[in-house]
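Right, one structure below, let's go through it.
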């Protein structure tokens, strides 16, 4: 009896061990093949070059990881990579199997995107590249500790504004659940801007339509205004000695049309001394700007604010500049704008337009 049991165990081991060895060999072979395929797709992007350093396949959980993806613009871009991602984890979303769908989930770790005038990414389908790496439709997309920057090294002084510590989560992208909802996916984004401002974006969307539909609310609160001085010096010839900047906004889009507003609020503003500028035209402009802000800020709240509504086609909405200009006086002399989203925009506003 003992001999029989021992013999069965040996037979089992003789079957299992070769299978395990074969799976290990297949796993390593697949990793090299996938790495070559991904690098070929990267280098097929027109105007860009790049690579990944490694691929790790985990057959037991239906997943694979891509290490250190880098993408550079070949001509006219920055010396720094347009896109760099420390690690990409792509796997089957096992919970979705209970709803009868095979979909995937994607996690990006420390993605770093650098935009510039000559490096917007609009001339290449790099998002399509990321999507092509996944064998099934994406249902969850998360970003961990990301960074997005706008850089202009040609400006004097240099411009480099960014959002860091970026975390985002988009769920139910493939509408595995809540099938009857117009906007079935939840969006949550958080981060920290230059100047220590706290960013949060919350809302819902439908990514399955040809042009995504969404309903979003944005807050960027309590950023140090002086940290934006290089940007304001380049685009508005202004510098601040102190101040705090908050930005609030809402937007809803349906069938390619969008309605929304942006509401920047600056508090406790002080401009740099005019004596520091030897350019007489800039001195006159700064004097006009500082006087205008001093006259038309809400003195009770010590805040200068405006609210710019926009609507129209999603790719080129019309901004109501006059409404934005008159809102300055409303904040100054009527009632100070609340440092929060207004809660006045939703999908129904776009439905009325359609």
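Numbering (the working numbering), first residue to last: 177 to 530. No residue lacks a Cβ here, since even glycine has one placed at the ideal position from N, Cα and C.
| Asked | Found |
| --- | --- |
| Simplified DSSP assignment, three categories, for residue 318 | strand |
| Three CB pairs or more closer than 8 Å across the segment 408 to 420 and the segment 505 to 523 | no |
| Contiguous beta strand (DSSP E) assignments of at least 3 residues, all confined to the segment 415 to 439 | 416 to 430 |
| Simplified DSSP assignment, three categories, for residue 380 | strand |
| Residue 533 - partner residues in DSSP beta bridges | Since the first and last residues shown for the chain are 177 and 530, residue 533 lies out of range. |
| Those residues which DSSP pairs with residue 234 across a bridge | 239 |
| Range covered by the alpha helix (DSSP H) that runs through residue 466 | 456 to 471 |
| Cut-off 6 Å between Cβ atoms - residues of its own chain near residue 406, not counting five sequence neighbours on either side | 333 and 335 |
| Three-way DSSP call (helix, strand, coil) for residue 211 in this model | helix |
| Nearest candidate by alpha-carbon position, reference residue 414, set 276, 447, 374 and 246 | 447 |
| Status (buried if at least 16 other CB within 10 Å, exposed otherwise) for residue 212 | exposed |
| Pick from 245, 503 and 233 that is closest to residue 219, judged by C-alpha positions | 245 |
| Whole-number beta carbon distance between residue 247 and residue 276, since they are thought to touch under 8 Å | At roughly 36 Å, the Cβ-Cβ gap does not stay under 8 Å, so residue 276 and residue 247 are not in contact. |
| Helix, strand or coil at residue 248 [DSSP, three-state] | strand |
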